[in-house]
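Asks: Just dropping this structure here.
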Amino acid sequence: MLTIVRTEGASALYRGATPTVLGALPYEGIKFGTYDVLKRHTRSGEAAGVASQGPLWRASCGAFAAMLAHALTYPNDTIRRRLQMQGVNGEPVRYRGWMDCFRQIVKYEGWQSLYRGLGVTMVRSIPNTGIQFAVYEACKDFIFAFEAWRDA
C-alpha cells in the first residue's frame with residue numbers, strides 16, 4: 001500500500017471505487033429481489049424431488065438469483081477491473097473514467113468483451129450465493145423459532 005501511495009499517489013488506492021459502489025447497488029438489488037420473487041412465486045420444488053422452502057430449494061433460488069444478477073451487471077465489473085488495473089506495474093493509463101473505458105472496450109474489442117470472464121464468475125458465485133441464501137434463511141428460521149420459544 002505504501003508503495004502504491006509513493007509511486008502513484010493516494011488517489012490510486014481508490015481507482016475503480018465509483019464503479020464498484022455503483023455496481024454493488026444494482027447487483028445486490030437484483031440478487032435479493034430475484035431471490036424474493038422466486039421464493040414467493042415459484043411452485044414448490046416437489047416435482048424435482050426438492051421440498052418447497054427447504055435448504056436445497058432456497059439454495060437453488062439463491063443460485064439462480066446470482067446468475068441473473070451477474071449476467072445483468074457483469075459489464076460494470078469488467079470496467080471496474082480495467083480501471084483498477086490500469087497503471088499497475090508500469091502499464092499505461094488508458095482510460096479517463098468509467099464512460100471512456102466503456103466506449104473504448106466496445107469500440108476496439110466489441111461489446112462481448114464486456115462479458116469476458118463471466119463463466120468463471122458464475123462457476124464461483126453460484127454455489128457461494130446458494131449457500132449464502134440457505135444459511136441466511138436458516139438463521140432467520142432459528143431467530144423466529146427462538147422468539148416463539150421465548151414468548152411461549
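The numbering of the sequence shown is full-length UniProt numbering, which starts it at 1 and goes up by one. Idealized CB from N, CA, C, for every residue including glycine. Please read these numbers as outputs of a predicted model, since none were measured by experiment.
Can you give, in chain order, each stretch of the alpha helix (DSSP H) that sits fully within the region 48-133 and has at least 4 residues?
Replies: If we require 4 residues or more, the alpha helix (DSSP H) runs fully inside the region 48-133 come out as 55-85 and 98-109.
Asks: Kindly indicate which three-state DSSP category residue 40 falls into: helix, strand or coil?
Replies: As a first step, residue 40 is located in the sequence shown; it is residue number 40 there, counting from the start. DSSP places residue 40 in helix when its eight states are reduced to three.
Asks: Measuring CA to CA, which of 28, 58 and 24 is closest to residue 127?
Replies: On the sequence shown, position 127 is the one that residue 127 refers to. If we check each option's Cα against that of residue 127, 58 comes out closest.
Asks: Give the single residue among 60, 85 and 109 whose Cα lies nearest to the Cα of residue 12.
Replies: Start at 1 with the first residue of the sequence shown, and residue 12 comes out as number 12. Out of 60, 85 and 109, 85 has the C-alpha closest to the C-alpha of residue 12.
Asks: Assuming residue 73 and residue 30 form a contact by the criterion Cβ under 8 Å, report the distance between their Cβ atoms to the nearest whole angstrom.
Replies: Locating residue 73 in the sequence shown gives position 73, where the first residue counts as 1. Locating residue 30 in the sequence shown gives position 30, where the first residue counts as 1. About 7 Å separates the two Cβ atoms, so the contact holds.
Asks: Report buried or exposed for residue 153, applying the criterion of at least 16 other Cβ atoms within 10 angstroms of its Cβ.
Replies: With the chain running from 1 to 152 in the structure shown, residue 153 is simply not present.
Asks: Taking its Cβ as the centre, do 16 or more other Cβ atoms sit within 10 Å of residue 89, making it buried, or is it exposed?
Replies: For the purposes of this step, residue 89 is taken as residue 89 along the sequence shown, with counting starting at 1. With fewer than 16 Cβ atoms within 10 Å of its Cβ, residue 89 is classed as exposed.
Asks: Smallest Cα separation from residue 35: which of 137, 151, 147 and 144?
Replies: Position 35 of the sequence shown, counted from the first residue, corresponds to residue 35. The shortest Cα separation from residue 35 among 137, 151, 147 and 144 belongs to 137.
Asks: Please report how far the alpha carbon of residue 7 lies from the alpha carbon of residue 117, in whole angstroms.
Replies: Position 7 of the sequence shown, counted from the start, is the residue given in the question as residue 7. Position 117 of the sequence shown, counted from the start, is the residue given in the question as residue 117. Near 30 Å, if we compare the C-alpha coordinates of residue 117 and residue 7.
Asks: Under 8 Å, with one C-beta from each stretch per pair, do the region 118-125 and the region 58-70 reach the 3-pair mark?
Replies: In short, these stretches touch, since the Cβ pair count reaches three.
Asks: May I have the straight-line CA-CA distance separating residue 121 from residue 152, to the nearest angstrom?
Replies: The sequence position of residue 121 within the sequence shown is 121, counting from 1. The sequence position of residue 152 within the sequence shown is 152, counting from 1. Approximately 46 Å between the Cα atoms of the pair.
Asks: So, is residue 139 buried or exposed, given that buried needs 16 or more other C-beta atoms within 10 angstroms?
Replies: By one-based count along the sequence shown, residue 139 stands at place 139. So residue 139 counts as exposed.
Asks: CB-CB under 6 Å to residue 76, same chain, minus the five flanking residues each way: which ones, in chain order?
Replies: The residue you call residue 76 lines up with position 76 of the sequence shown. For residue 76, where only same-chain residues beyond five positions count, the Cβ hits under 6 Å are 19 and 23.
Asks: Hey, quick one: how far does the alpha helix (DSSP H) through residue 2 stretch, first residue to last?
Replies: By one-based count along the sequence shown, residue 2 stands at place 2. Looking at the DSSP string, the run of the alpha helix (DSSP H) that includes residue 2 is 2-8.
Asks: Going by alpha carbons, who is nearest to residue 21 out of 3, 81, 63 and 10?
Replies: The residue labelled residue 21 in the question sits at position 21 within the sequence shown. Nearest option by C-alpha distance: 81.
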